[in-house]
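Numbering (the numbering used here), first residue to last: 595 to 999. Taking it in order: structure first as structure tokens, then the write-up.
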């Protein structure tokens, strides 16, 4: 039986419990701004509608070194800071003129941890923020291609586009299809693989003089081999200069320089000796040095020579064939135009120190990377197409057969 006093106490306790519950609801679920509630407002009126997207997700371990950046929709970026994580080393970058995007000034480093902090405002001035800490793809899980020629250069008509990859490529078709090379001349350009790490591009005939060549590299994220992805994305353009092809005739020990179809000069030379003959074939100048050291040990000839200051040297093959100046010849019996005395190179009369007006200096000054030097009538074999940038020594049908796409 319940007495009136007990019933009253229970009623009082129930009311107290309801009051506590109401207070609890207000503390946990209500707005922290009572003034806004009084006006019938809500938190969404204070929330920015700007949406920031950082391409490298927080915690990612395979972020792109090439396309990492920040974008915003329904607003404009006001500040972006990127640093090497755990340090104050800033990564320079810039916000686009429309305030919609930010990107680093230079390509990021592979296998490096970075942090991005970004803020933006919407049209009502409300601020949004986003942060990401991530690591770029490692060297072990990515590949790059070192290529020539460089962007903005002017080269000779024989200059191929040549890629050397730092990893063996098994998915050659995918990789090749993401590199396109086109010429303003309209010449058809085809790629050819030399093994698994080198890919060259050229037309059937030499480039047309004065043409513009564009190379589009879109390898970012392309799987080159199992679990190894490309990281490059850029466009490279270069210009083909005048046409210059120089022909070395070993029978006469002379070189005839022809530019745009007209003979500029015939120069006496000294090719390889009977013991060290010069390769035949079409060879492309790939490097130029005002002076360089030449040591016979680097080409497997023992200690026959070591010349620290060979003047006006231009590389023709990877294996060590150069066309260069010679100042150490016998002044009483010059070999130029008479006999071959070199260890396989093509020598021109010169002076020590690379000064003065000499045949070697004239040829050096009038040559471009990519110019062609043709050697004929040598007792040696034709140079291998992959020994230097010398794919012109391969028949077009064979070149096309080595394409993966």
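The beta carbon of each residue, even a glycine, is placed where N, CA and C say it ideally should be.
In this structure, how does DSSP classify residue i when only helix, strand and coil are distinguished?
i, result
"residue 922", "coil"
"residue 801", "coil"
"residue 842", "strand"
"residue 640", "helix"
"residue 981", "coil"
"residue 783", "strand"
"residue 704", "coil"
"residue 1001", "Because the chain spans 595 through 999 in this model, residue 1001 falls outside it and cannot be assessed."
"residue 735", "coil"
"residue 994", "helix"
"residue 971", "coil"
"residue 758", "strand"
"residue 874", "strand"
Between which two residues does the alpha helix (DSSP H) holding residue i run?
i, result
"residue 766", "766-771"
"residue 959", "953-959"
"residue 647", "From DSSP, residue 647 is part of no alpha helix (DSSP H) but of the beta strand (DSSP E) over 645-648."
Taking 7 angstroms as the limit between beta carbons, can you name the residues of its chain near residue i, skipping five residues before and five after?
i, result
"residue 1025", "Outside the displayed range of the chain (595 to 999) lies residue 1025, so it cannot be described from this structure."
"residue 910", "877, 879, 916, 917, 967, 982"
"residue 986", "752, 876"
"residue 761", "737, 818, 819, 822"
"residue 597", "Bear in mind that a pLDDT of 43 at residue 597, under 50, signals an unreliable position, so the model cannot answer this."
"residue 990", "798"
"residue 733", "704, 705"
Could you spell out the range, first to last residue, of the beta strand (DSSP E) harbouring residue i?
i, result
"residue 975", "Note, residue 975: premise wrong, no beta strand (DSSP E); not H, not E."
"residue 696", "695-698"
"residue 728", "721-729"
"residue 687", "687-689"
"residue 682", "That residue, residue 682, is in no beta strand (DSSP E); it is neither H nor E in DSSP."
"residue 822", "822-824"
"residue 907", "900-909"
"residue 851", "848-853"
"residue 751", "Counting along the chain, residue 751 falls outside any beta strand (DSSP E), and DSSP gives it neither H nor E."
"residue 806", "806-812"
"residue 868", "Looking at the DSSP string, residue 868 is not in any beta strand (DSSP E), and its letter there is neither H nor E."
"residue 962", "From DSSP, residue 962 is part of no beta strand (DSSP E); its letter is neither H nor E."
"residue 816", "Per DSSP, residue 816 belongs to no beta strand (DSSP E) and is neither H nor E."
"residue 941", "940-943"
"residue 743", "Unbroken run through residue 743: none, as it is neither H nor E."
"residue 651", "Looking at the DSSP string, residue 651 is not in any beta strand (DSSP E), and its letter there is neither H nor E."
"residue 667", "664-667"
Excluding the five sequence neighbours on either side, which residues of its own chain have a C-beta within less than 6 angstroms of the C-beta of residue i, listed in chain order?
i, result
"residue 723", "713"
"residue 881", "909"
"residue 940", "842, 863, 865, 917"
"residue 669", "644, 714, 715, 716"
"residue 633", "Unreliable positioning characterises residue 633 in this predicted model, as indicated by a pLDDT of 41, which lies under 50. The coordinate reading is nonetheless provided below. Once the five neighbours on either side are set aside, residue 633 has no close Cβ partner at all."
"residue 707", "679, 729"
"residue 913", "981"
"residue 745", "830"
"residue 840", "849, 851, 967"
"residue 973", "871"
"residue 684", "677"
"residue 742", "756"
"residue 657", "650, 728, 730"
"residue 919", "905, 906, 942, 944, 954"
"residue 689", "671, 696"
"residue 935", "864, 867, 929"
Identify, in the order they occur along the chain, each residue of the same chain with its Cβ nearer than 8 angstroms to the Cβ of residue i, setting aside the five sequence neighbours on each side.
i, result
"residue 997", "770, 784, 785, 786, 787"
"residue 652", "725, 726, 727, 728"
"residue 902", "887"
Mind reading off the beta-carbon distance from residue i to residue j? Whole number of angstroms is fine, and I expect it under 8 angstroms.
i, j, result
"residue 703", "residue 740", "Wrong, their Cβ atoms sit about 16 angstroms apart, outside the cutoff."
"residue 969", "residue 872", "6 angstroms"
"residue 1002", "residue 666", "It is not possible to answer for residue 1002, since the shown part of the chain is limited to 595 through 999."
"residue 844", "residue 971", "5 angstroms"
"residue 642", "residue 766", "No, residue 642 and residue 766 are not in contact; Cβ-Cβ is about 48 angstroms, not under 8 angstroms."
"residue 826", "residue 933", "That pair is no contact at about 49 angstroms."
Report task. May I ask you to verify whether the region 960-977 touches the region 786-796, counting CB pairs closer than 8 angstroms and requiring at least 3? Result -> no
**Report entry** the region 905-913 contacting the region 951-958, beta-carbon criterion three pairs below 8 angstroms
**Finding:** yes
Query raised in the report: Would you call the region 825-836 and the region 793-809 in contact, with 3 or more CB pairs under 8 angstroms?
Result: yes
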